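Line by line, the protein sequences give chains A and B. Numbered according to my numbering, the first sequence terminates at residue 312, and the numbering increases by one at each position without gaps. Numbered according to my numbering, the second sequence terminates at residue 559, and the numbering increases by one at each position without gaps. Cβ coordinates follow ideal geometry from the N, Cα and C atoms, glycine included. Treat the numbers as computed from the prediction; the structure is a model and nothing was measured. Working notes, structure below.
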Amino acid sequence: MPAPVRWLVGRLVGALVVLWAVATLIFFAIRLVPGDPAEAILGGPGSQASAEAIALVREQYGLDDPLLLQYLAQLGRLAVGDLGTSYSLRTDVAGLLLDQLPGTLLLAVLSLVVAWLLALGTAWWATLGGRVAGAVSSSLEIVASAVPHFWLAGVLVLVFSTQLGWLPPVSTGTPLGIVLPVVTLAIPVAGFLGQVTRDSLLDASTAPFALTARARGESRSGLFRRHLLRHAALPGLALSGWAFGSLLSGAVVVESIFARPGLGRTLLQAVTLRDIPLVTGVALASALAYVVVVALGDLAERAVDPRERAA
Amino acid sequence: MRTRLPALLALTTVGALLLAGCTTGGEATGSATPRSGGTLTYATGDAEPTCLDPHVGGNYPQALVSTQYLESLVSKNGSGEIVPWLATSWEESEDGLSWTFDLRDDVVFSDGTPFDAAAVAANVAHLQDPETLSSTGYLALGKVTGVEVVDAQTARFDLSAPDSALLESLTQPWVAMESPAALERSQEVNCESPVGTGPFVVESWTKQDRIVLTRNDDYSSPPADADHDGPAYLDEVVWRFIPDSAARYSALQAGQVDVIDNVQPDTLVAAEKDDALAEIDAPRPGAVNRIELNSGKAPFDDERVREAFVTGVDVTDGIDSLFFGTAERSYSPLSSVEPLAYSDPSLFEVDVDAAGALLDDAGWTERDSDGYRTKDGERLSLEFPVSTNQSIPAEQSLFEQVQAGARDLGFEVTLSPLDLSSWYGALAANDYDLVSAPYTKVGPDVLRILYDTDGITPAPSGYFANLAQLSDPALDDLLTRASETSDADERADLYEQAQKIVLESYTVLPLYDQQNHYLARSAVAGVRALPPVSAVTLYDAYTVG
Chain A
2 MPAPVRWLVG RLVGALVVLW AVATLIFFAI RLVPGDPAEA ILGGPGSQAS
52 AEAIALVREQ YGLDDPLLLQ YLAQLGRLAV GDLGTSYSLR TDVAGLLLDQ
102 LPGTLLLAVL SLVVAWLLAL GTAWWATLGG RVAGAVSSSL EIVASAVPHF
152 WLAGVLVLVF STQLGWLPPV STGTPLGIVL PVVTLAIPVA GFLGQVTRDS
202 LLDASTAPFA LTARARGESR SGLFRRHLLR HAALPGLALS GWAFGSLLSG
252 AVVVESIFAR PGLGRTLLQA VTLRDIPLVT GVALASALAY VVVVALGDLA
302 ERAVDPRERA A
Chain B
15 MRTRLPALLA LTTVGALLLA GCTTGGEATG SATPRSGGTL TYATGDAEPT
65 CLDPHVGGNY PQALVSTQYL ESLVSKNGSG EIVPWLATSW EESEDGLSWT
115 FDLRDDVVFS DGTPFDAAAV AANVAHLQDP ETLSSTGYLA LGKVTGVEVV
165 DAQTARFDLS APDSALLESL TQPWVAMESP AALERSQEVN CESPVGTGPF
215 VVESWTKQDR IVLTRNDDYS SPPADADHDG PAYLDEVVWR FIPDSAARYS
265 ALQAGQVDVI DNVQPDTLVA AEKDDALAEI DAPRPGAVNR IELNSGKAPF
315 DDERVREAFV TGVDVTDGID SLFFGTAERS YSPLSSVEPL AYSDPSLFEV
365 DVDAAGALLD DAGWTERDSD GYRTKDGERL SLEFPVSTNQ SIPAEQSLFE
415 QVQAGARDLG FEVTLSPLDL SSWYGALAAN DYDLVSAPYT KVGPDVLRIL
465 YDTDGITPAP SGYFANLAQL SDPALDDLLT RASETSDADE RADLYEQAQK
515 IVLESYTVLP LYDQQNHYLA RSAVAGVRAL PPVSAVTLYD AYTVG
């Protein structure tokens with residue numbers, strides 16, 4: 002088998018294993034939460050559903066079947082791409098996901114781009130700007146990677162909406178409305194990416210090839226763009242898959258704070274209402290997006306680093 | 015009802031005068047009279063409903079939004095009297111086993127279906143159909159066996175037993191009238207676009223984002239206590255879901271939204287300083303927010319231990335400081351908006367020494383190394399599961415103060431913050447000694463749900479409402495008689511006796527009304543809370559300036 006095909010097959014099998022593991026984990030984990038799924042279908046916890054209604058629902062949804070049978074039936078449905086019907090919204094889960102996925106993907110992708118720009122910007126400054134710049138940027142990165150989303154969101158809203166009045170505090174559907182959510186999500190990720198990028202950038206800048214390039218007459222910024230960046234970006238690219246995952250989980254908080262529709266809010270609502278099909282659907286969609294992004298990161302690494310291609 | 019409408023009007027006038035000062039013409043002063051047109055954006059902090067038809071399930075978020083497009087047979091005014099709405103008059107039969115309602119003959123659902131007795135019968139049948147999965151509305155009609163169409167504009171409710179709470183039950187948004195033609199559609203479709211007779215019509219629903227409501231131009235059926243007749247002033251209402259409290263307030267300050275609900279105490283204090291904002295304080299009816307003591311098991315099966323807890327732990331100071339004076343201490347099992355609420359502050363005077371003596375008396379005399387009381391080597395421990403969905407942050411802090419106060423007395427209180435499912439799970443498993451559970455219902459009949467012995471038996475879902483596990487035949491008898499009498503004075507007297515028994519059992523520590531605060535920008539006026547369940551109505555609302 003040629004190397005690229007082997008790579009692709011390996012990725013596909015890996016993706017299927019991840020999806021199966023997620024489906025299994027969610028199926029059993031959600032049943033550890035106390036309460037009755039029939040109740041979730043009948044209007045959520047504390048519903049005062051009548052005995053008839055509960056019996057009806059238990060039969061309709063096969064909730065009286067043994068757990069293993071329910072699990073296998075669930076896997077069977079998922080295998081043919083049937084995500085089922087949401088308990089709480091009573092509509093097709095696949096349709097709900099298709100409605101909400103684009104908004105969250107846009108948010109996550111924009112945040113990742115902004116995070117990379119911020120990380121590279123500070124890393125560049127840290128490398129070229131001398132000792133003070135290095136110290137300042139490394140402190141900034143540590144602070145940025147440590148701040149929680151809800152705090153950051155609050156501060157940004159206070160400054161840019163309440164005080165300055167530049168940006169809307171909650172999402173509006175206009176491009177302006179996505180700015181604060183993106184910045185909120187991007188800053189902590191930029192902190193992490195900046196740290197690893199700066200370290201490898203500094204290593205690369207003291208490597209013999211950098212000196213050689215300078216000796217050949219390469220300018221400082223040319224050195225950065227043409228030689229150092231390739232080296233420095235590698236660990237960051239490898240981390241991008243992880244970063245994307247953390248952006249998806251961050252979306253749960255950020256979408257709620259900025260009242261933005263998306264998968265994160267869907268998940269929060271689904272968990273609260275114990276909407277098993279919807280929770281499973283969101284988890285699978287996120288896992289799939291994660292697998293795809295990790296594969297893309299892998300491809301990007303190969304493009305940047307010729308050594309990877311030879312392997 | 016403590017609606018601060020005068021304040022709202024005053025602010026509006028001030029705003030109009032200021033505007034008049036700024037502009038050269040005198041046009042702005044004209045805004046003091048309602049004018050048609052414009053869009054109002056409402057931001058709710060309640061959960062997004064999963065179905066816009068409040069017959070299905072039946073919770074407060076549904077009641078809030080459906081108040082804009084659905085109407086009930088009767089309503090309640092600010093003094094607690096039942097007033098006509100879709101029904102013009104009503105009469106109870108001699109034996110109390112049937113009620114006859116005369117209906118308006120000029121009302122049409124927004125899909126063109128006429129509102130008549132057949133429509134009322136179809137709605138009751140829909141609520142009682144197990145496939146509708148109704149819980150709140152289903153319970154409200156518990157004694158109704160069916161609706162007889164006497165003639166086109168006369169509907170007769172037949173009952174299995176007299177029900178003095180029937181009219182109050184019928185004021186609730188969960189039993190509102192929907193177009194029978196619309197109810198014929200699948201539940202999925204009806205959940206997306208229920209059809210009523212209300213001042214607005216559901217135009218679209220973008221999940222997790224907004225519901226757009228447009229004016230019903232043929233509207234003709236406001237409740238008897240509304241401020242005007244005919245269609246609503248607003249062209250459109252945008253109903254947004256903004257779960258984060260701080261974000262809601264920021265959006266209000268930025269003018270992105272005009273009205274917000276679920277306003278937290280700290281925000282209320284901040285808003286008081288802002289002249290551009292007006293508050294509407296509309297406590298919910300039914301039960302007061304309270305801590306209940308589980309008398310069904312040790313240690314609270316001993317009345318002395320209950321009395322020691324209730325009179326040994328001070329909550330008043332905590333309420334004042336944590337709610338910044340926005341919530342008033344209650345001494346009644348019922349909300350202050352209930353005309354029949356009975357208060358007795360004397361039962362709740364704090365006396366730590368007397369409480370300690372009661373505990374000594376009950377045998378909890380020893381103290382262990384941590385300072386907690388013990389009896390036969392057993393520590394005086396209490397489980398307090400807290401629903402983080404239902405208890406706002408200020409309330410959760412109050413419970414921490416209760417924990418500290420109880421510690422001084424020798425109680426070990428374990429607070430467990432839980433999500434809704436886990437919290438109901440803990441209650442169903444009887445794993446609680448203390449609990450705070452809100453209950454919204456119109457009228458004192460809520461006492462029967464919360465304190466009748468029958469309420470200890472769990473429903474098939476594991477849910478039970480009598481969390482105090484109070485079982486007193488004398489109380490059951492009073493509550494049954496009160497729910498069946500058609501004599502208003504006798505009813506008031508029976509409910510007073512019942513509330514005395516509840517309070518004197520020391521199974522209930524009343525805190526404050528179920529808080530329900532709205533904030534409105536002065537750019538809008540005429541926003542008010544509709545008395546039955548204090549849900550906001552935008553029928554009389556208009557834009558200013």
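- If you check the CB distance, B:VAL364 and B:ASP422 do not come in under 8 Å.
- Residue-level contact by beta carbon fails for A:LEU224 and chain B, as no gap is shorter than 8 Å.
- Its chain contains PRO68, PRO187, TRP188, VAL547, ALA549 as the residues whose beta carbon lies nearer than 7 Å to that of B:ALA77, once the 5 sequence neighbours on both sides are disregarded; these appear in chain order.
- When secondary structure is reduced to three states using DSSP, B:PRO279 falls in the helix class.
- Listed by position along chain B, the residues whose Cβ is nearer than 8 Å to that of A:THR163 are SER264, GLN267, ALA268.
- By the beta-carbon neighbour count (other beta carbons within 10 angstroms, threshold 16), B:ASP390 is exposed.
- Assignment of beta strand (DSSP E) within the segment 190-250 of chain B, counting only whole runs of 3 or more residues, yields 214-220, 224-229 in chain order.
- Residue pairing by DSSP places B:LYS90 opposite B:ILE96 in a beta bridge.
- The Cβ atoms of A:VAL158 and B:ALA290 do not sit closer than 8 Å to each other.
- Here B:ALA131 is near B:THR168, since their CB atoms are less than 8 Å apart.
- Separation of A:LEU279 and B:LYS90 (C-alpha to C-alpha, rounded to the nearest whole angstrom) is 39 Å.
- Here B:TRP104 is bridged, per DSSP, to B:PHE115.
- Interface annotation, B:GLN201: in contact with chain A, CB-CB separation under 8 Å.
- For B:PRO399, the enclosing beta strand (DSSP E) has its first and last residue at 395-401.
- Straight across, the Cα-Cα distance linking B:GLU498 with B:TYR386 is about 47 Å.
- In the three-state reduction of the DSSP assignment, B:PHE171 falls in the strand class, which pools E and B.
- Between B:TYR233 and the set B:GLU397, B:PHE129, B:GLN278, the nearest pair of CA atoms involves B:PHE129.
- B:GLU85 carries a strand assignment under DSSP once its states are collapsed to helix, strand and coil.
- Contact of A:ASP100 with chain B is assigned, a C-beta pair being separated by under 8 Å.
- In the same chain as B:VAL456, and ignoring 5 residues on each side of it, the C-beta atoms closer than 6 Å to its own belong to GLU182, THR185, GLN186, PRO299, PRO546, in chain order.
- Cβ-Cβ distances below 8 Å link B:PHE338 to PRO279, ASP280, LEU282, VAL283 in the same chain, with the five nearest sequence neighbours on each side left out; the list follows chain order.
- Using a Cβ distance threshold of 8 Å, A:LEU238 and A:ALA301 count as a contacting pair.
- DSSP, read as helix, strand or coil, puts B:ALA179 in coil.
- Beta-bridge analysis with DSSP links B:ASN303 to B:TYR526.
- Within the segment 249-260 of chain A, the residues whose Cβ lies closer than 7 Å to some Cβ of chain B are SER257, ILE258, PHE259, ALA260, listed in chain order.
- Secondary-structure assignment with DSSP links B:LYS389 through a beta bridge to B:GLU392.
- The beta-carbon separation of B:GLU518 and B:LEU361, rounded to 7 Å, stays under the 8 Å limit for a contact.
- Using a 10 angstroms sphere on the CB of A:ILE143, the tally of other CB atoms stays under 16, which defines it as exposed.
- With 16 or more other Cβ atoms from the protein chains shown falling within 10 Å of its own Cβ, B:LEU197 counts as buried.
- Here B:ASP165 is bridged, per DSSP, to B:THR168.
- Of all residues in the segment 263-292 of chain A, only GLY263, ARG266, THR267, LEU269, GLN270, VAL272, THR273, LEU274, ARG275, ASP276 come within less than 9 Å of chain B when Cβ atoms are compared, listed by chain position.
- Between the segment 216-230 of chain A and the segment 244-252 of chain A there are fewer than three C-beta pairs closer than 8 Å, too few to call the two in contact.
- No residue range can be given for A:ARG227, since it is assigned to no beta strand (DSSP E) and is classified by DSSP as neither H nor E.
- Contact note: B:ALA196 does not reach chain A at a C-beta cutoff of 7 Å; the least C-beta distance is about 16 Å.
- Within the segment 317-346 of chain B, not one residue has a Cβ closer than 8 Å to any Cβ of chain A.
- Take the alpha-carbon of A:LEU203 and the one of A:SER112: they are about 25 Å apart.
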